[in-house]
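Encoded as structure tokens, the structure appears first; notes follow it.
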Amino acid sequence: MLLALAFTLATQVVAEDFRPIYHFVPEENWMNEPNGLIKIKSTWHLFYQHNPTANVWGNLNWGHATSSDLVHWTHEPLAITSENGVEAFTGTSYYDADNTSGLGSSTSPPYLAYYTGYFPSNGTQDQRLAFSVDDGASWKKYQGNPIIPAAQESSHDETGG
Ligand SMILES: *[C@@H]1O[C@H](CO)[C@@H](O)[C@H](O)[C@H]1NC(C)=O
Ligand SMILES: *[C@@H]1O[C@H](CO)[C@@H](O)[C@H](O)[C@H]1NC(C)=O
């Protein structure tokens, strides 16, 4: 009887599909840590390390979700994609209110996302920039990437990549 009661109580706080109720998870497949959390106007943006094609680490992209209350989340398309042999590792984001980057449009200030580029072919990394001029809905990779090349980092790289 106690077991049955415990089971009843437990099932009341478990979602029907066994997904966590309070902790964000992607619609499917692998996620790692949050990246570049930022509030733009009244919308909270959560980015996170995400493999959209398999439930294992690898093929890392920035997944994206938005919320108006930090409880209910809407899944959004990938923000920064793995492309041309460069995966999008972890990073941060920044509101460039003064358009210091010059990446803003005439009407919209730029939001910047800094991420580590990772080359699975040889394990090296560099630092890259992406930006949004539509309040975080979509993200473009900066044409001048990498902004800090692996060679420039190497003298500070104590781990050999
Ligand atoms: C941001 O700078 C670029 C490059 O100078 C300019 O074309 C654009 O109009 C600027 N946008 C804003 C909002 O100031
Ligand atoms: C690693 O691979 C990338 C992409 O092919 C290349 O640009 C870079 O020079 C390589 N770095 C080293 C140290 O081999």
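Read in order, the letters of the sequence shown are residues -15 to -1, 1 to 146 in mature numbering (1 follows the signal peptide of the UniProt record, and there is no 0).
We put the beta carbon where it would ideally sit given N, CA and C, even for glycine.
Values in this document were obtained by computation on a predicted structure and should not be read as measured data.
Can you tell me whether residue 7 is buried or exposed, with buried defined as 16 or more other CB within 10 angstroms of its CB? It counts as exposed.
Whole-Å CB distance - residue 50 paired with residue 61, under 8 angstroms assumed: 6 angstroms between Cβ atoms; contact.
For residue 36, is the classification buried or exposed, using 16 other Cβ atoms within 10 angstroms of its Cβ as the cut-off for buried? Buried is the call here.
Under the three-state reduction of DSSP, which class applies to residue 128: helix, strand or coil? Residue 128: coil per DSSP, three-state reduction.
What's the C-alpha gap between residue 131 and residue 112? Using only the alpha carbons, I get a separation of about 6 angstroms.
Please name the residue, chosen from 20, 15 and 117, that lies closest to residue 97 on a Cα-to-Cα basis. The shortest Cα separation from residue 97 among 20, 15 and 117 belongs to 117.
Pick from 2, 40 and 107: whose alpha carbon is nearest that of residue 168? The requested residue 168 is not part of the displayed model; the chain covers only -15 to 146.
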